[in-house]
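Trainee: The structure that follows is given in the form of structure tokens.
Protein chains in written order, with the numbering used here: chain A, 36 to 635; chain B, 36 to 635.
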């Protein structure tokens, strides 16, 4: 890395994805890192203004400001990483997959004149024919911008066309996706629409690299925190679905604006999008009804891949840009699960592989012997901090790691802020540690002796609890604790996930011992401690080395599909070949579930 | 015709198209007719309220109210006819052309259930496959309405699908144009968007008959009377083109509402539209820029046929409905000219045929020896009453016919109302009659002796005039007259039209004597007196029997294209094979023009 390179760029070049919401302007403070060996340029005024005094004192720097001055070794706090390093590198490289549906064609058009009275379209078509593209569909919306761009290109009338290969029907056709001034770069937009968060990426369509990325909250949260409450909102408000669609599209347009500004591009240069999300997010974005997702038998309106004009839903890309949405598997196994499987880049489909993404619903796939099963289990929102006494989302101040050493309880909070609550990975660690020290029994009942443990048996239910941080050490002025009821919530959640895994294994007539690879995707899946997850029985104890935490594989899969028709075909094959297993009606499910509730 | 049938229905069944804006409710008073032999049911209260006392006394009736009681012979005033009878009959029959792009398919879909968790789309596709349609493209917008219609169809889940044959690309594909409840009729919408007037038709897509028709003014008139002033409006207002598009689309949606109410249909049953108009109306409707139509070399943005979702421009048809717009030939020879040629149903393309539609611009086609030439000439708005002292549009009270018998001047006004001005056909008659009686010379100068003729030569120009109706006989309290300057305007207009005809003949290296058929289309072309037009030299004197007035052939052509892929192909062939002749740069034009100014 040349001396003078800032660490944000250096990290990007190395395939490490640091959070840089502000695009490296030193404003957002998200790209905190710390040198552990070697040294960096001196802290800038921006860093001194932006970083907390204690962070500065502890040696923390902003990657976008710090410059390389020689060999240096860097510690990256998990909060500064958008997703784990391993996966994103794969997502960015993968040159064998580069097979985009669009290509550019530079050409020169005859000028209009009294001796050439043909329409602008005719002159463009004649230039296309000369360039060996006699049969190109040109949509009305693209034709509408042609006269202005053509006249701006005077006097030489050179244009850059973006041509799309339409492989969706039996016979490939070509259409004009964009008309641009000469020498304009083109990009695609990939978005993972989570129920809670949006992750958006601009991908350079000429080489497949990720040019910019940005994240935001899903604005639909103000209409309901989870999928069920959003469906309820659309059922009780006549234009509810439209409201939810518009709020999402507006946020995406704002994110796109940010991304474009970051790389100095304009929306007309964004010529295709891939949008993934769970079935409900998919349907709300695509303007499909969701009522039937909220009532038995919970079927999707649409399962096949969708391809439609971005302008149809108000997404502001180039005039002819299309949105591709990969297939949904079922009402609760959506396009994001398929994108996750694409992003996971399964090396060998004959290997026995489990891939799951933990959320309010946990979608699980099992590949074995070239067959594929999937299911969704209602793991609930406990790992997102909901229904937990002091639970919170994974935000600054959340206890995300916990260890018990004798009488001492060591906690680590996100951003090293004073504790304000406990997030999913913290609860997981807590229960695993309590179990390890015999402070809860296999049923989840608190027991034994510890200074932080209070056992109160009263009428009206147990009030036993374990204090993680005492009032004097928290930011909220009271103890942060885990109660018997919290442990129950986690028991239900981990049992649901484990039962999902076991049900798929039983469908395939194999056992956990047969699993070669166990992939854990998504934000919680990235930050959870695998040993804790195994210790509480959420994941089978098949050896730590078989597990991989693959980060936001859905986002990576969306980017892969943006630049690869092969990956889209793969997505469509997955949806056709998968055996969807409905747990509610599965005979093995209930027995397995009861058996999974206990802690090992 | 059975006794008791009302005359409006009887006329429709006979292929005679009476104006019935109100849909036969007895409100609009447009369908006035008069029995000349036999009798009708007694006048209704509605007729007594609606008809003027003198009309009632003269035996006039409303066709929608009067019922057949026995054999009867009916006189139909031209104002009660939407277009001449001959053409519309042809437009309605033509069973050899019935080859619509859409067909219906009735099928039954498996219901969703816990034992069938497939998406609604999957269950529909499986029903399609069972019905031998395994490969059907289904657009997002159609999928969006599927869940609701499917659940409405419970418990038998029978649907009527409308499938579209897409023949636009090399390989025909099929797509789903609409999903409807079982046993629903389907219609198409055809519209001729004139600069001044809109004519809309609903066509039954299962048999090709016209189910309903309605007309309205083009609301864009409030932004500019002619094409040039509307282009100027879009140039001077940032959202001007959008404003003009919206105003037109709103009017079309209102017309559609009327039409649907008339036949008790819903918008989801209208599954395709054909819209024709001159190049400017075409571009404004389709959201294409028009600036380049207003400045040399006046080229169209688009010349090929367009096919796009109706919802893209806000036209409220079925969710998957497309709009077809036939090709434009040039900036001033538009899709409506091609529609007119289709509507004219040229029997034998090797016959030498002239076909023209007179307006502010007059578009002319010449077919000779299997070749085709076309041009547009700036005939100006004189025939629409503009730039004429007492000129007016062809509305009630306009003098539309005139004869001079010695000292007497006989006039006929539209709707027999007291005269308020003179419209195009009246001016034409006036000049022809003045010329026949030697009251104007070949240069257009008023001369000779007549009680109505005033010759005043003054400084500042001639003030000679001929009085058509004296103040005591008009509704405006003053004389209605034609002046030397008015005659000049008509000279310029008729010379432009004749020169256009002669230029095309000279391109084909033939003379007027070679013409086999001379077709005159459009509203003015329908009401003008052919003898008058020939007498003033606007049309060549090749024998009255070679002329045919074919009414609103553009509307008829639009309807033909709605139900016939062959006619669309024919339209596209015309646009590819036509030789467009630009008069402005044509060497023969100016000489011919000077020679055409004089009266024969």
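Quick reminder that beta carbons are idealized off the backbone N, C-alpha and C, glycines included. In this text, all values refer to a predicted model and were calculated from it rather than measured experimentally.
Would you give the residue range spanned by the beta strand (DSSP E) that residue 628 of chain A belongs to?
Mentor: Position 593 of the first chain, counted from the first residue, corresponds to residue 628 of chain A. Per DSSP, residue 628 of chain A belongs to no beta strand (DSSP E); it is in the alpha helix (DSSP H), 622-631.
Trainee: When the distance is taken between beta carbons, is residue 582 of chain B closer than 7 angstroms to residue 460 of chain B?
Mentor: Translated into positions along the second chain, residue 460 of chain B becomes position 425. Translated into positions along the second chain, residue 582 of chain B becomes position 547. Not closer than 7 angstroms, so no.
Trainee: Whose Cβ in chain A lies nearer than 7 angstroms to the Cβ of residue 148 of chain B?
Mentor: By 1-based counting over the second chain, the position of residue 148 of chain B is 113. What residue 148 of chain B touches in chain A: 332.
Trainee: Who pairs with residue 359 of chain A in a beta bridge, going by DSSP?
Mentor: Translated into positions along the first chain, residue 359 of chain A becomes position 324. Residue 359 of chain A is bridged to A:309, A:342.
Trainee: Decide if residue 126 of chain B is buried, meaning its Cβ has at least 16 other Cβ atoms within 10 Å, or exposed.
Mentor: The residue labelled residue 126 of chain B in the question sits at position 91 within the second chain. Because the pLDDT of residue 126 of chain B is 34, which lies under 50, any placement of that residue in the model is unreliable, and the number read from its coordinates should be weighed accordingly. It is buried - the Cβ of residue 126 of chain B has at least 16 other Cβ atoms within 10 Å.
Trainee: What residue range does the beta strand (DSSP E) around residue 21 of chain A cover?
Mentor: Any property of residue 21 of chain A remains undetermined from this structure, which presents chain A solely from 36 to 635.
Trainee: Under the three-state reduction of DSSP, which class applies to residue 409 of chain B: helix, strand or coil?
Mentor: As a first step, residue 409 of chain B is located in the second chain; it is residue number 374 there, counting from the start. Residue 409 of chain B sits in a strand when the DSSP states are folded into three classes.
Trainee: For chain A, find out if any of its Cβ atoms is closer than 7 angstroms to the Cβ of residue 156 of chain B; answer yes or no.
Mentor: Residue numbering aside, residue 156 of chain B sits at position 121 when the second chain is read from its first letter. For residue 156 of chain B, at least one C-beta of chain A is nearer than 7 angstroms to its own C-beta.
Trainee: Do you know how far the Cα of residue 251 of chain A is from the Cα of residue 118 of chain A?
Mentor: If you number the first chain from 1, residue 118 of chain A lands on position 83. If you number the first chain from 1, residue 251 of chain A lands on position 216. With a pLDDT of only 39 at residue 118 of chain A, under the threshold of 50, the placement of this residue in the model should not be trusted; the figure read from the coordinates follows. Each residue's alpha carbon lies about 15 angstroms from the other.
Trainee: Helix or strand or just coil, what does DSSP make of residue 579 of chain B?
Mentor: Reading the second chain from its first residue, position 544 is the one you call residue 579 of chain B. Looking at residue 579 of chain B - three-state DSSP - the assignment turns out to be helix.
Trainee: Going by C-alpha distance, which of A:502, A:414, A:303, A:66 is nearest residue 99 of chain A?
Mentor: Here residue 99 of chain A refers to the residue found at position 64 when the first chain is read from its first residue. Out of A:502, A:414, A:303, A:66, A:66 has the C-alpha closest to the C-alpha of residue 99 of chain A.
Trainee: For the beta strand (DSSP E) containing residue 516 of chain A, list its first residue and its last residue.
Mentor: By one-based count along the first chain, residue 516 of chain A stands at place 481. Counting along the chain, the beta strand (DSSP E) containing residue 516 of chain A begins and ends at 515-518.
Trainee: Roughly how many angstroms lie between the CA atoms of residue 521 of chain B and residue 419 of chain B, to the nearest whole one?
Mentor: Numbered from 1 along the second chain, position 486 holds the residue referred to as residue 521 of chain B. Numbered from 1 along the second chain, position 384 holds the residue referred to as residue 419 of chain B. Spanning the two alpha carbons is a distance of roughly 13 angstroms.
Trainee: Checking contacts by CB at 7 angstroms: is residue 345 of chain A closer than that to chain E?
Mentor: No chain E appears in the structure shown, which is made up of the protein chains A and B.
Trainee: Taking residue 609 of chain B as the reference, give the member of B:402, B:547, B:550 with the closest Cα.
Mentor: In the second chain, counting from the first residue as 1, residue 609 of chain B sits at position 574. Ranking B:402, B:547, B:550 by Cα distance to residue 609 of chain B puts B:402 first.
Trainee: Considering Cα atoms alone, identify which of B:152, B:531, B:322 is closest to residue 410 of chain B.
Mentor: Start at 1 with the first residue of the second chain, and residue 410 of chain B comes out as number 375. Of B:152, B:531, B:322, the residue nearest in Cα terms is B:531.
Trainee: Any Cβ of chain B within less than 7 angstroms of the Cβ of residue 329 of chain A?
Mentor: As a position in the first chain, residue 329 of chain A is number 294, starting the count at 1. So, not an interface residue.
Trainee: Measuring only the C-alpha atoms, how far is residue 166 of chain B from residue 196 of chain B?
Mentor: Sequence index remark: in the second chain, residue 166 of chain B carries index 131 (1-based). Sequence index remark: in the second chain, residue 196 of chain B carries index 161 (1-based). So the two alpha carbons sit approximately 11 angstroms from each other.
Trainee: For residue 73 of chain B, report the span of its beta strand (DSSP E) as first-last.
Mentor: Working through the second chain from its first residue, we reach residue 73 of chain B at position 38. First-last of the beta strand (DSSP E) with residue 73 of chain B: 67-75.
Trainee: Strictly under 7 angstroms for the Cβ-Cβ distance: is residue 325 of chain B near chain A by that measure?
Mentor: For the purposes of this step, residue 325 of chain B is identified with residue 290 of the second chain, where counting begins at 1. Not closer than 7 angstroms to any Cβ of chain A, the Cβ of residue 325 of chain B fails to qualify, so no.
Trainee: Going along chain A in order, which residues have a C-beta closer than 7 angstroms to the C-beta of residue 339 of chain B?
Mentor: Taking the first residue of the second chain as position 1, residue 339 of chain B is located at position 304. Ordered by position in chain A, the residues that pass the 7 angstroms Cβ test against residue 339 of chain B are 156.
Trainee: For residue 439 of chain B, which of helix, strand or coil comes out of DSSP?
Mentor: Mapped onto the second chain, residue 439 of chain B falls at position 404. DSSP places residue 439 of chain B in strand when its eight states are reduced to three.
Trainee: Can you tell me whether DSSP reads residue 561 of chain B as helix, strand or coil?
Mentor: The count along the second chain starts at 1 and reaches residue 561 of chain B at position 526. In the three-state reduction of the DSSP assignment, residue 561 of chain B falls in the helix class, which pools H, G and I.
Trainee: Would residue 147 of chain A pass as a contact of residue 332 of chain B if the rule is Cβ separation under 7 angstroms?
Mentor: For the purposes of this step, residue 147 of chain A is taken as the residue at position 112 of the first chain. For the purposes of this step, residue 332 of chain B is taken as the residue at position 297 of the second chain. The Cβ atoms of residue 147 of chain A and residue 332 of chain B lie closer than 7 angstroms to each other.
Trainee: Quick check: the Cα distance between residue 619 of chain A and residue 565 of chain A, rounded to an integer number of angstroms?
Mentor: Within the first chain, residue 619 of chain A is the residue found at index 584, counting from 1. Within the first chain, residue 565 of chain A is the residue found at index 530, counting from 1. Their Cα atoms are separated by approximately 28 angstroms.
Trainee: To the nearest angstrom, how far is it from the Cα of residue 264 of chain B to the Cα of residue 208 of chain B?
Mentor: Counting from one through the second chain, the residue named residue 264 of chain B turns up at place 229. Counting from one through the second chain, the residue named residue 208 of chain B turns up at place 173. Roughly 42 angstroms separates the two Cα atoms.
Trainee: With H, G and I counted as helix, E and B as strand and the rest as coil, what does DSSP make of residue 90 of chain B?
Mentor: Sequence index remark: in the second chain, residue 90 of chain B carries index 55 (1-based). Assignment of residue 90 of chain B by DSSP, reduced to helix, strand and coil, places it in the helix class.
Trainee: Helix, strand or coil: which one does DSSP assign to residue 634 of chain A?
Mentor: The count along the first chain starts at 1 and reaches residue 634 of chain A at position 599. DSSP, read as helix, strand or coil, puts residue 634 of chain A in coil.
Trainee: Give, in chain order, every residue of the segment 611-624 of chain A whose Cβ lies closer than 8 angstroms to some Cβ of chain B.
Mentor: 615, 617, 619, 620
Trainee: For residue 232 of chain A, which beta-bridge partners are listed by DSSP?
Mentor: For the purposes of this step, residue 232 of chain A is taken as residue 197 along the first chain, with counting starting at 1. Answer is A:252, bridged to residue 232 of chain A.
Trainee: Does any C-beta atom of chain A lie closer than 7 angstroms to the C-beta of residue 182 of chain B?
Mentor: By 1-based counting over the second chain, the position of residue 182 of chain B is 147. It does; some Cβ of chain A falls within 7 angstroms.
Trainee: For the segment 258-288 of chain A, list every residue whose C-beta sits within 8 angstroms of some C-beta in chain B, in sequence order.
Mentor: none
Trainee: If we ignore side chains and look at the alpha-carbon of each, how far apart do residue 533 of chain A and residue 435 of chain A end up?
Mentor: For this step, residue 533 of chain A is matched to residue 498 along the first chain. For this step, residue 435 of chain A is matched to residue 400 along the first chain. Roughly 22 angstroms separates the two Cα atoms.
Trainee: Among all the DSSP beta bridges, which residues are the ones paired with residue 200 of chain A?
Mentor: In the first chain, counting from the first residue as 1, residue 200 of chain A sits at position 165. Residue 200 of chain A pairs with A:209.
Trainee: Given residue 213 of chain A, which residues of its chain have a CB within under 6 angstroms of its CB, disregarding the five upstream and five downstream residues?
Mentor: For the purposes of this step, residue 213 of chain A is identified with residue 178 of the first chain, where counting begins at 1. Closer than 6 angstroms at Cβ, skipping near neighbours: 197, 306, 353, 355.
Trainee: Is the beta carbon of residue 446 of chain B sitting closer than 7 angstroms to the one on residue 560 of chain B?
Mentor: Position 411 of the second chain, counted from the first residue, corresponds to residue 446 of chain B. Position 525 of the second chain, counted from the first residue, corresponds to residue 560 of chain B. No, they are not a contact pair.
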